[in-house]
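This report refers to the structure that appears directly beneath it.
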Amino acid sequence: MQLANRLDRLFTHWASKFAAEQRQYTPLVSVEELHKLEYFTSFPHQAIFPVALAENDENLNRFADDPVSAGGSLKLADTAPVHHCLAPAACFPVYMSLSGEDLPATAFITLRSLCFRKERQQQPLARQTTFNMREVVCLGRQAEVKEFLQTFRQIVETFFQRWSLPVRLERATDPFFNAPTNRKYIMQKIAPLKHEMVYNGELAIGSINFHQNSFGDTFDISYRGEAVYSGCVAFGIERWLFALLDCFGTDARDWPEFDDTATG
Amino acid sequence: MPVDNANARQLLREWIGSKAGSAEQAQITDQTLIIEAGLISSVDVLELLMLIEELGETEVDATELEPGMLESIDRICETFLS
Numbered sequence: 151m152q153l154a155n156r157l158d159r160l161f162t163h164w165a166s167k168f169a170a171e172q173r174q175y176t177p178l179v180s181v182e183e184l185h186k187l188e189y190f191t192s193f194p195h196q197a198i199f200p201v202a203l204a205e206n207d208e209n210l211n212r213f214a215d216d217p218v219s220a221g222g223s224l225k226l227a228d229t230a231p232v233h234h235c236l237a238p239a240a241c242f243p244v245y246m247s248l249s250g251e252d253l254p255a256t257a258f259i260t261l262r263s264l265c266f267r268k269e270r271q272q273q274p275l276a277r278q279t280t281f282n283m284r285e286v287v288c289l290g291r292q293a294e295v296k297e298f299l300q301t302f303r304q305i306v307e308t309f310f311q312r313w314s315l316p317v318r319l320e321r322a323t324d325p326f327f328n329a330p331t332n333r334k335y336i337m338q339k340i341a342p343l344k345h346e347m348v349y350n351g352e353l354a355i356g357s358i359n360f361h362q363n364s365f366g367d368t369f370d371i372s373y374r375g376e377a378v379y380s381g382c383v384a385f386g387i388e389r390w391l392f393a394l395l396d397c398f399g400t401d402a403r404d405w406p407e408f409d410d411t412a413t414g
Numbered sequence: 002m003p004v005d006n007a008n009a010r011q012l013l014r015e016w017i018g019s020k021a022g023s024a025e026q027a028q029i030t031d032q033t034l035i036i037e038a039g040l041i042s043s044v045d046v047l048e049l050l051m052l053i054e055e056l057g058e059t060e061v062d063a064t065e066l067e068p069g070m071l072e073s074i075d076r077i078c079e080t081f082l083s
């Protein structure tokens, strides 16, 4: 926990170099808004929903009489309509909240959120259904967003080098469902939109993402009347913990002063 | 029969022009960076692949795509239609 907080302070310090505004959202995301992003066709295998029972006595009694199977799973009765999804990423609510706005200046926003993704396999810290994500988001002109992403790339690469962490920035695509027929997957293949921070050649602990104007188009956000571009840098806090504990051990006294913000 | 190279370039220019705004249409050349310049977006990319398949009478495997392959008419012709 102590190391997780130190890490988040470091990420927040990096965000402060852009005077990023701190925001916080509930980890429930509107199904209607996520659908605009084609999330359910792109990542149906990762979506997790908060489900409640339909509120009628017969249904509730049926559930209450025999709620759990011998295998330990819920025996769901009829469910109420599902209008929310558990947040799969921290930054989506940022674009949703800016819907219909014309930005007067480049926006830098940072937020930390609990995120949820269905994983086939679980591994503590490295691959969890529930995890914390810190993101820094930029919305503005294309050139400004690219400069923001490039600057962040330099910040993290300097950090990895300074502490001899075996992390490399690698081009990547998201794990799309039915990838070859998904237009977003194809865009990630042909344009350098996504780079992951890959620890030891196998674990993505963060990513740097250029969205072009896709979020702006989807949510009708503009920048001084023109198309707005966006990009984000995401840090998976548990995965960073995994990497640092793997490198420096579990004794806090052995950890270097990696979060010295006076020099970082 | 696949469409010959000159016609393929013309059809690609017309298709890209139909996606771009009127101001950009006249300036599209075979070297224009069509994605970088925002002339086509992810909304259009599947349609572009289908057009390339039609022009070249070939099948494009999306998993084999590499960065830059669709960046301009020159690169598209060189990669898929030569």
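Taken in order, these protein sequences are the chains called A and B. When we follow this note's numbering, the leftmost residue of the first sequence carries the number 151, and every step to the right adds one. When we follow this note's numbering, the leftmost residue of the second sequence carries the number 2, and every step to the right adds one. Heads up, the beta-carbon is just placed ideally off N, CA and C, and yes, glycines get one too.
Residues that residue i bridges to, as DSSP identifies them
i	result
A/Thr280	A/Phe266
A/Arg374	Per DSSP, none; premise fails for A/Arg374.
A/Ile358	A/His345, A/Val383
A/Glu320	A/Glu346
B/Gly57	Note: B/Gly57 sits in no beta bridge, so no partner.
A/Gln152	A/Gln152 pairs with nothing; no bridge assigned.
A/Cys288	A/Phe258, A/Gly381
A/Gln273	A/Arg277
A/Leu353	A/Tyr349
Neighbourhood of residue i by C-beta, 6 Å cutoff - its chain only, sequence neighbours within 5 removed
i	result
B/Ile74	Arg10, Leu13, Asp31
A/Tyr349	Val317, Ile355, Ala393
A/Arg173	Ile259, Leu261
A/Thr256	Gly290, Glu294
A/Glu346	Glu320, Ala322, Ala354, Ser357
A/Phe365	Tyr245, Ser380
A/Phe161	Arg284, Phe385
B/Thr80	Met70
Beta strand (DSSP E) segment containing residue i, residue limits
i	result
A/Glu171	171–173
Contact set for residue i: own chain, Cβ-Cβ below 7 Å, skip 5 residues either direction
i	result
A/Gln196	Pro238, Arg267, Lys268
A/Phe298	Phe168, Cys288, Gly381
A/Ala276	Leu353, Arg389, Phe392
B/Ile36	Leu71, Glu72
A/Ala192	Note that residue 192 of chain A is Ser in the sequence shown here, rather than Ala. Correct list, in chain order: Phe326, Phe327, Asn332, Lys334.
A/Asp158	Arg262, Arg284, Ile387
B/Glu60	Glu54
A/Arg303	Leu319, Ile358
A/Asn416	Outside the displayed range of chain A (151 to 414) lies residue 416 of chain A, so it cannot be described from this structure.
A/Ala341	none
B/Glu25	Leu40
B/Lys20	Leu40, Ile41, Asp45
Alpha helix (DSSP H) segment containing residue i, residue limits
i	result
B/Phe81	74–81
A/Ser314	Here A/Ser314 belongs to no alpha helix (DSSP H), and DSSP marks it neither H nor E.
A/Leu178	Note, A/Leu178: premise wrong, no alpha helix (DSSP H); beta strand (DSSP E) at 178–180.
B/Gln11	6–20
A/Gln338	333–340
A/Phe365	364–368
A/Phe190	189–192
Residues near residue i in its chain [Cβ-Cβ closer than 8 Å; skip 5 each side]
i	result
A/Gln152	Ala402
A/Met246	Val179, Ser180, Glu183, Phe369
A/Leu226	Val201, Leu203, Phe213
A/Pro406	Trp313, Phe398
A/Gly386	Phe281, Asn282, Met283, Ala354, Ile355, Gly356
B/Ala63	Leu50
A/Lys344	Arg321, Ala322, Thr323, Asp324, Gln338, Ser357, Ile358, Asn359, Phe360
Just to confirm the assignment: which complete beta strand (DSSP E) runs, minimum length 3, are found wholly within the stretch 204–261 of chain A? For the stretch 204–261 of chain A, the continuous beta strand (DSSP E) assignments of 3+ residues that do not extend past its boundaries occur at 234–236, in sequence order.
The stretch 351–373 of chain A: which residues have C-beta closer than 9 Å to a C-beta of chain B, in chain order? Of all residues in the stretch 351–373 of chain A, those with a C-beta nearer than 9 Å to a C-beta of chain B are Gln362, Asn363, Ser364, Asp367, reading in chain order.
Along the stretch 330–345 of chain A, what residues have a CB closer than 8 Å to any CB found in chain B? Within the stretch 330–345 of chain A, the residues whose Cβ lies closer than 8 Å to some Cβ of chain B are Pro330, Thr331, Arg333, Lys334, Tyr335, Ile336, Met337, Lys339, Ile340, Ala341, Pro342, listed in chain order.
Using a Cβ-Cβ cut-off of less than 7 Å, list which residues of the stretch 18–37 of chain B approach chain A; keep chain order. Going along the stretch 18–37 of chain B in chain order, one finds Ile36 with a Cβ nearer than 7 Å to chain A.
Taking a Cβ distance cut-off of 8 Å, strictly less, list which residues of the stretch 52–77 of chain B are near chain A, in chain order. Across the stretch 52–77 of chain B, CB contacts with chain A closer than 8 Å involve Asp62, Ala63, Thr64, Leu66, Glu67, Pro68, Gly69, Met70, Leu71, Glu72, in sequence order along the chain.
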